[in-house]
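Notes follow the structure.
Protein chains in written order, with the numbering used here: chain P, 64 to 363; chain S, 179 to 442.
In structure tokens, the structure reads:
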């Protein structure tokens, strides 16, 4: 559904995208995971026909983003980093406007806005101007707008940045519904948890290239084996395991034989944070905070 | 719970429709009704200036005619220019908030988004200009225009507003944000001062006079004044007024179109 080959984009001497390749199959959810400045947003903007690539090709739903931008636009919905809604209009008015612009049928124009308001728990606020909405409400309305047109490809640029956990879970649930109905999703995120939860496949982006790609589990395996973590009064002991029942049983039997006092134990698989650390040499906690700051390279 | 179909639509048309522009005009008109304070300012400011010019400065100014007759056409242009310039702020707000990106990523008429802003600006200015003309008439503006001259005057004002609005659109797209864009409306507010809008050009020091003679506002103000007062005016002045307005309009329109679709 999405094919990206050798994508390059530079601003002056600064290469934002340095030969990025990516494939997303129909109905697949792929997360671009990386820190600020890795090139995620630039990729999304080229894919959404907002930005011209310097080199490389991008096709969406079989159409080239440079040669057939209108056909690409008909296939996608973009949810950018900022809630792209009109603050002076009400939530309902925003949806009705976008329903017309999405060229929905008369019948759909009547029913979909109300259904989406309900789905995103905005029915009570529907007649209030959006400027009175909280950040979470604006974001929900933004995603509701994106789902109006029943896009083939949903492009989500850091969809839950700055959201409280409840709003985030609600948003994830709706995205999962859209995926279940056959929507292809490309999302960018700095949240490892989000990539793990939503994505079939994670592409780790660093300095404008995909440096690793696979399912979250595959990536974790790449980093190292699972471990049995034993907490004793004197410290933490870790023993490698393949995670199978006989192997864990063997390790625990060994613990008993040694007479080790274990306060608690768990099987610990590497997290995506560990993946990040291994692949980029950058600890995950050095990933800049996900505040919606607008950086020049990323958004302009 | 209403059932909601999320099945991807594979037959979505890539073509924009005339209805897109209609919907976007509706959006901007609706926005205008939610910003009555802005509209009020666009009327109050020129009216205050009008009263100040006529009653504070007017007594000391010799324009070769009743000063109120001289200055009302100038104030009308000030109103129109300022009202049009606020469009820059609206457009810049769309750009900054990401709404412009959303529109640009949708299969809609490329011109629709800015056309919406332009039509709303024309509508707002029709209201504010009518109010300022009304105040002018109340304080003694002695309009002697025939029906045809009124039509000509309204057409000229509309042309001037359209040109200023398209310039404002282009500036709104390139501005770094609404605050920067609002600076433009203040700049526009000062352009008429160095023209024949408020005082005759030949009373100015030579350098300023030369600038004023070349200021596009000068021929527009002279033409508008002649139309409203029913006096005569050089054909070359009328031609200059029309050429400036149409020229600026065309350039700004083309620039806005290019800026809107550029992929930067």
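Using N, Cα and C, we set each Cβ at its ideal position, and we do this for glycine too. Fair warning: this is a prediction, and the values are worked out from it, not measured in the lab.
Residue closest to residue i, alpha-carbon to alpha-carbon, out of the options
i, options, result
"residue 177 of chain P", "S/181, S/415, S/401, S/386", "S/181"
"residue 251 of chain S", "S/398, S/439, S/422", "S/398"
"residue 369 of chain S", "S/425, S/233, S/259", "S/259"
"residue 154 of chain P", "P/78, P/238, P/190, P/77", "P/190"
"residue 193 of chain S", "S/239, S/367, S/288", "S/288"
"residue 333 of chain P", "P/343, P/323, P/279", "P/279"
"residue 231 of chain S", "S/219, S/218, S/220, S/248", "S/248"
"residue 358 of chain S", "S/264, S/228, S/187", "S/264"
"residue 363 of chain S", "S/379, S/342, S/373", "S/342"
"residue 297 of chain P", "P/235, P/324, P/266, P/112", "P/324"
"residue 274 of chain S", "P/121, P/143, P/255", "P/143"
"residue 361 of chain S", "S/349, S/372, S/282", "S/349"
"residue 198 of chain P", "P/216, P/148, P/267, P/107", "P/148"
"residue 293 of chain P", "P/263, P/329, P/275", "P/329"
"residue 121 of chain P", "P/157, P/208, P/83", "P/83"
"residue 113 of chain P", "P/187, P/136, P/94, P/210", "P/136"
"residue 126 of chain P", "P/110, P/257, P/167", "P/110"
"residue 146 of chain P", "S/272, S/254, S/355", "S/272"
"residue 319 of chain S", "S/187, S/208, S/246, S/189", "S/246"
Segment limits, alpha helix (DSSP H) that includes residue i
i, result
"residue 121 of chain P", "It is not in any alpha helix (DSSP H) - residue 121 of chain P instead sits in the beta strand (DSSP E) that spans 118-123."
"residue 425 of chain S", "413-439"
"residue 253 of chain S", "245-275"
"residue 349 of chain S", "325-352"
"residue 402 of chain S", "395-407"
"residue 314 of chain P", "308-321"
"residue 194 of chain S", "Residue 194 of chain S -> no alpha helix (DSSP H), and no H or E assigned at all."
"residue 384 of chain S", "384-392"
"residue 220 of chain S", "214-229"
"residue 185 of chain S", "Careful: residue 185 of chain S lies outside any alpha helix (DSSP H) and carries neither H nor E."
"residue 367 of chain S", "356-368"
"residue 199 of chain P", "198-211"
Interface partners of residue i on chain P, CB under 8 Å
i, result
"residue 435 of chain S", "What residue 435 of chain S touches in chain P: nothing, since even the nearest Cβ is about 15 Å away."
"residue 191 of chain S", "137, 166"
"residue 253 of chain S", "By Cβ distance, chain P contributes nothing, its closest Cβ being about 29 Å from residue 253 of chain S, past 8 Å."
"residue 351 of chain S", "Per Cβ cutoff of 8 Å: no residues; residue 351 of chain S is ~13 Å from chain P at best."
Residue i, enclosing beta strand (DSSP E) - first and last residue
i, result
"residue 74 of chain P", "65-74"
"residue 94 of chain P", "92-96"
"residue 78 of chain P", "77-87"
"residue 380 of chain S", "Premise fails: residue 380 of chain S is in no beta strand (DSSP E) and is neither H nor E."
"residue 307 of chain S", "Counting along the chain, residue 307 of chain S falls outside any beta strand (DSSP E), though it belongs to the alpha helix (DSSP H) covering 290-316."
"residue 220 of chain P", "216-220"
"residue 141 of chain P", "139-142"
Per-residue contacts from residue i into chain P (C-beta, under 7 Å)
i, result
"residue 188 of chain S", "215"
"residue 283 of chain S", "111, 112, 113, 136, 139, 141"
"residue 403 of chain S", "The premise fails here: residue 403 of chain S is roughly 37 Å from chain P at the closest Cβ pair, so nothing lies under 7 Å."
"residue 185 of chain S", "213, 244, 245"
"residue 332 of chain S", "Under the 7 Å cutoff, chain P gives no residues; its nearest Cβ is about 29 Å from residue 332 of chain S."
"residue 286 of chain S", "164"
For residue i: DSSP bridge partner residues
i, result
"residue 327 of chain P", "P/294"
"residue 192 of chain P", "P/153"
"residue 276 of chain P", "P/266"
"residue 301 of chain P", "P/292"
"residue 127 of chain P", "P/122"
"residue 248 of chain P", "P/92, P/217"
Interface partners of residue i on chain P, CB under 9 Å
i, result
"residue 383 of chain S", "Neighbours of residue 383 of chain S on chain P: none; closest Cβ ~44 Å, over 9 Å."
Beta-carbon separation (whole angstroms), residue i vs residue j, contact threshold 8 Å
i, j, result
"residue 183 of chain S", "residue 213 of chain P", "7 Å"
"residue 206 of chain P", "residue 222 of chain P", "7 Å"
"residue 304 of chain P", "residue 291 of chain P", "5 Å"
"residue 257 of chain S", "residue 310 of chain S", "5 Å"
"residue 406 of chain S", "residue 325 of chain S", "Not confirmed; about 13 Å, so no contact."
"residue 439 of chain S", "residue 344 of chain S", "Contact doesn't hold; Cβ gap of about 15 Å is too wide."
"residue 437 of chain S", "residue 297 of chain S", "Between residue 297 of chain S and residue 437 of chain S the Cβ distance is about 19 Å, and since that is not below 8 Å, they are no contact."
"residue 267 of chain S", "residue 300 of chain S", "So it is not a contact: roughly 16 Å between Cβ atoms."
Beta-carbon neighbours of residue i, restricted to chain S and to distances below 7 Å
i, result
"residue 297 of chain P", "Ordered by position in chain S, no residue passes the 7 Å Cβ test against residue 297 of chain P, which lies about 54 Å from the chain."
"residue 210 of chain P", "184"
"residue 163 of chain P", "197, 201"
"residue 160 of chain P", "201, 205"
"residue 339 of chain P", "Within chain S, no residue comes near residue 339 of chain P; the closest Cβ sits about 28 Å away, beyond 7 Å."
Cross-chain neighbours of residue i in chain S, by beta carbon under 9 Å
i, result
"residue 251 of chain P", "What residue 251 of chain P touches in chain S: nothing, since even the nearest Cβ is about 15 Å away."
"residue 148 of chain P", "275, 276, 277, 280"
"residue 156 of chain P", "205, 208"
"residue 192 of chain P", "212"
"residue 240 of chain P", "182, 184"
"residue 152 of chain P", "205, 208, 209, 212"
Interface partners of residue i on chain S, CB under 8 Å
i, result
"residue 183 of chain P", "Chain S residues near residue 183 of chain P: none, gap ~10 Å exceeds 8 Å."
"residue 189 of chain P", "Neighbours of residue 189 of chain P on chain S: none; closest Cβ ~13 Å, over 8 Å."
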